[in-house]
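In UniProt numbering, the protein residues as written are 1 to 44.
Below: one structure, written as structure tokens.
This is the structure in structure tokens:
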């Protein structure tokens, strides 16, 4: 448990639940997280 400096980014998604199901929004955020954490994946 040592303290370290880290780069952190907060992302929020706001949708109209009449148009977009919450589960679909969660899938979008999971895909976004995967691409942000591994940007080279966008080139493949």
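In this text, a Cβ means the ideal position worked out from N, Cα and C, and glycines have one as well.
Taking residue 11 as the reference, which of 4, 21, 19 and 26 has the closest Cα?
-> 26
Ignoring anything shorter than 4 residues or poking outside the stretch 9-44, list the alpha helix (DSSP H) runs there in chain order.
-> 22-37
State the Cα-Cα distance for the pair residue 31 and residue 2, rounded to the nearest angstrom.
-> 30 Å
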